[in-house]
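J.:
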Amino acid sequence: MATLLAKGEVRGLVIRGHSGSGRAGLAAELAELLGFTAIEVSPELWQSQPALPLACQLAGWLPVIKAQIGAGESWQLPAVHPDIPHVVVLGVNDAVAGREMLELEMGVPDEGERRALWNRFLGHPELAERAATALLSGPVIQRIACNARLRAEQSNEQLHAGHIARARRDLGAERLRLLAHPVTRQISPEAIVFPPLVEQNLSDFISRAHHRESLWQDLGVTLQASRNPGLRALFVGDSGTGKTLAASYVATALGAPLYRVDLAAIMNKYVGESEKNLGSLLDLAAAADALLLFDEADSLFGRRTDAKQSGERYANMLTNFLLTRVENHPGIVILTTNSRERIDSAFTRRLDTIIDFPLPGFQERLSLWQSHLGRRSPGENICKTLASYCDLSGGQIRNVVLTAAGCGSPDLPINIQQLMFALQREYQKLGRSLPAQLETLSR
257 MATLLAKGEV RGLVIRGHSG SGRAGLAAEL AELLGFTAIE VSPELWQSQP ALPLACQLAG
317 WLPVIKAQIG AGESWQLPAV HPDIPHVVVL GVNDAVAGRE MLELEMGVPD EGERRALWNR
377 FLGHPELAER AATALLSGPV IQRIACNARL RAEQSNEQLH AGHIARARRD LGAERLRLLA
437 HPVTRQISPE AIVFPPLVEQ NLSDFISRAH HRESLWQDLG VTLQASRNPG LRALFVGDSG
497 TGKTLAASYV ATALGAPLYR VDLAAIMNKY VGESEKNLGS LLDLAAAADA LLLFDEADSL
557 FGRRTDAKQS GERYANMLTN FLLTRVENHP GIVILTTNSR ERIDSAFTRR LDTIIDFPLP
617 GFQERLSLWQ SHLGRRSPGE NICKTLASYC DLSGGQIRNV VLTAAGCGSP DLPINIQQLM
677 FALQREYQKL GRSLPAQLET LSR
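Residues 257 to 699 in my numbering are what the sequence shown lists, from first letter to last.
Right, dumping it as structure tokens:
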């Protein structure tokens, strides 16, 4: 590229890539090879100041034009000046029009290259092996590794996977937080209580996520033609059955940051703004290889209707845009819903996995009572009685235990009177009567 620019065979270069992929660094290296100094110029300034190209030539500058293009928008490439080389920096999905220029996309290094980079910056082969599954660019890997080492030094600890996970959560957090909420809780396998089938489905999904890049190796040409490392999952179940908890568990197992999409920040009354926000969100998540959680996803991925009014037509257009972008997204997206029938069938066909979260049975309820009460449990027999007669979800059991815990001293076991009080409160919220079998416990 530098040779072509130096010879004048190419005067303009477009560098595509996600934020943090090293586009500006490459432009600076090219400038140095050409004997120039890279200088960032806004598109507006470049197009409004006809004398700027000549000023750059006289000053020995290589203008680097960084354009911010929203979804559905297009930007006119600057006219190629016959004597002035210049670089245009764009996102992966940015649309441009105008005279053709040489294009280069800053892709993600393959797994072997990422492993070598992690090992180089961490000096820890075992951690490098695990971290290499994340689809991150070289400059991003370097920043995360430096942040992780600094965290270990500040806490006077040996470097471990938790330092890397926290460093990954810090990456791009400010911009992502404008559109999504970080979910920082770490969920270990010991903290989850699901039926065996749900646990197996989650384990299979995590395994596929770990190998989502190498999964395609040596498979047929038909699959290779549609290669995309992205994964899309739908978690289906009633409120309180553990769908959001499961998303946190997946993120913890992968050592990846998790963000719950803020629909209020995404949706906008002005036409086209919602698409821009969604496009920015997906691009930022791809750059950080962060998991995105669309809670109550039917509000965005709901079934399209026969559009009779302008509002319905716009809603259908937004759904179409979202289906296409999520299908092509290279990262991991998790959707939750109370009913799969509410999700557009065109999208459910594109999902990699659908996991049903049923209400817990007796054995799961018993484990939930025991794991929530912990050392403050009033006894095994009471836990078995509650599990037998209280057909509550995991979230509702959590509410009961927290309410009961607040009624007494934190140094003492929770007694049956406190549990009955908390159960009465929870059943009132549900508009149901307390099971008659529990009356003997309160006496």
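Glycine included, every Cβ here is placed at the ideal spot set by N, Cα and C.
1. When the Cα of Pro513 is compared with those of Thr593, Glu455, Glu531 and Ala387, which residue comes out closest?
2. Beta-carbon within less than 8 Å of Asp704's beta-carbon, same chain only, minus the 5 sequence neighbours each way: which residues are those?
3. Pick helix, strand or coil for Gly394, following the three-state DSSP scheme.
4. Relative to the alpha-carbon of Leu314, which residue among Ile321, Ala323, Val297 and Phe292 has its alpha-carbon at the smallest distance?
5. Alpha helix (DSSP H) containing Pro381: first to last residue?
6. Apart from the five residues just before and just after His419, which ones in its own chain have a Cβ nearer than 6 Å to its Cβ?
7. Just the C-alpha distance for Trp374 and Leu282, rounded to the nearest angstrom, thanks.
8. When DSSP labels each residue in this structure, what does Thr592 get in the three-state scheme?
9. At what residues does the beta strand (DSSP E) containing Gly347 begin and finish?
10. Can you grab the Cα-Cα spacing for the pair Phe550 / Val492, in whole Å?
11. On a CA-only basis, which of Cys646, Cys663, Thr500 and Arg681 is nearest Pro691? Give me that one, please.
12. Are the stretch 595 to 611 and the stretch 633 to 648 touching, with three or more C-beta to C-beta distances below 8 Å?
13. Within 10 angstroms of the Cβ of Lys685, are there 16 or more other Cβ atoms? Answer buried if so, exposed if not.
14. For Gly368, does the count of other Cβ atoms within 10 angstroms reach 16, so buried, or fall short, so exposed?
15. Could you check where the beta strand (DSSP E) with Glu296 kicks off and where it finishes?
16. Taking the beta carbon of Phe557 as the centre, do at least 16 other beta carbons fall within 10 Å, making it buried, or is it exposed?
17. Mind the definition here: the stretch 436 to 454 touches the stretch 613 to 629 only if three or more C-beta pairs lie below 8 Å; say whether that holds.
18. Touch check for the stretch 416 to 431 and the stretch 530 to 547: three-plus C-beta pairs under 8 Å?
19. State the DSSP-derived secondary structure class of Gly268, mapped to helix, strand or coil.
20. Spatial neighbours of Arg596 within its chain, please: CB distance less than 6 Å, with the 5 preceding and 5 following residues excluded, ordered by chain position.
21. Whole alpha helix (DSSP H) runs in the stretch 416 to 457 with 4 or more residues, listed along the chain?
22. Considering Glu359, what are the terminal residues of the beta strand (DSSP E) in which it resides?
23. Could you tell me the alpha carbon to alpha carbon distance between Ser459 and Ser298, rounded to whole angstroms?
24. Are the beta-carbon atoms belonging to Pro666 and Ser633 less than 8 Å from one another?
25. What are the boundary residues of the beta strand (DSSP E) that Pro319 is part of?
26. Using three-state DSSP, classify Gly368 as helix, strand or coil.
27. Considering only the beta carbon of each residue, do Arg468 and Leu487 sit closer than 8 Å?
28. Give the DSSP-derived three-state secondary structure of His466 in the structure shown.
29. How many Å lie between Leu301 and Val320 at the Cα?
30. Using alpha carbons as the reference points, say which of Gln673, Ala678 and Ser644 lies closest to Leu658.
31. Could you give the first and the last residue of the continuous alpha helix (DSSP H) run that contains Arg621?
32. For Ser555, which of Ser536, Leu538 and Leu578 has the nearest alpha-carbon?
33. Would you identify the three-state DSSP class for Gln410, choosing helix, strand or coil?
34. What's the C-alpha gap between Asp612 and Val454?
35. Have a look at the DSSP bridge pairing and note the partners of Arg581.
T.: The answer reads as follows:
1. Ala387
2. Since the displayed the chain opens at 257 and closes at 699, residue 704 lies outside it and no answer follows.
3. helix
4. Phe292
5. Residues Pro381 to Ala387.
6. Ala404, Arg407 and Ala408
7. 20 Å
8. Note: Thr592 maps to strand in three-state DSSP.
9. Taken as a continuous stretch (DSSP letters only), Gly347 belongs to no beta strand (DSSP E), as it is neither H nor E.
10. 12 Å
11. Looking from the CA of Pro691, the closest CA among Cys646, Cys663, Thr500 and Arg681 belongs to Cys646.
12. no
13. exposed
14. exposed
15. Thr293 to Val297
16. buried
17. The answer is yes - the stretch 613 to 629 touches the stretch 436 to 454, with three or more Cβ pairs under 8 Å.
18. With a cut-off of 8 Å on Cβ pairs, the stretch 416 to 431 is in contact with the stretch 530 to 547, counting three or more such pairs.
19. strand
20. For Arg596, where only same-chain residues beyond five positions count, the Cβ hits under 6 Å are Val492.
21. 417 to 426 and 429 to 432
22. Its beta strand (DSSP E) spans residues Leu358 to Glu361.
23. 47 Å
24. no
25. Trp317 to Lys322
26. helix
27. yes
28. helix
29. 12 Å
30. Ala678
31. Phe618 to Leu629
32. Leu578
33. helix
34. 7 Å
35. Paired residues: none, contrary to the question.
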